[in-house]
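Colleague: Residue numbers (the UniProt record's numbering): 1 to 68.
#1: Closer than 6 Å by C-beta to residue 52: which residues in its own chain qualify, once you throw out the five before and the five after it? Chain order, please.
#2: Alpha carbon to alpha carbon, what distance is there between residue 47 and residue 35?
#3: Which first and last residues belong to the beta strand (DSSP E) in which residue 38 is found?
#4: Looking only at its chain, what residues have a beta carbon closer than 7 Å to the beta carbon of residue 26, apart from the 5 residues adjacent to it on each side?
#5: What does a CB cutoff of less than 6 Å around residue 59 pick up in its chain, not counting 5 residues either side in sequence?
See below:
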């Protein structure tokens with residue numbers, strides 16, 4: 001059932017384009033990048049990732065489709 005796994009992540013993107021996964025209600029940086037975490041799950045069949053760019057929250061800028 002590889003299609004049953006969806007990784008949902010809150011990601012903060014800094015001015016350099018670094019994508020860090022946030023935890024604890026966006027209050028903490030996990031210390032892991034989006035790319036690192038995705039690579040961790042690829043061997044078990046990850047095919048779907050749902051990301052929220054929390055650096056844009058409240059800006060009324062819409063979805064950040066370029067980010068990922």
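In this text, a Cβ means the ideal position worked out from N, Cα and C, and glycines have one as well.
Modeller: Result, derived from the coordinates:
#1: Contacts found: 10.
#2: Each residue's Cα considered, the two are about 14 Å apart.
#3: Per DSSP, residue 38 belongs to no beta strand (DSSP E); it is in the alpha helix (DSSP H), 34–41.
#4: Once the five neighbours on either side are set aside, the close Cβ partners of residue 26 are 10, 54.
#5: Around residue 59: no qualifying Cβ.
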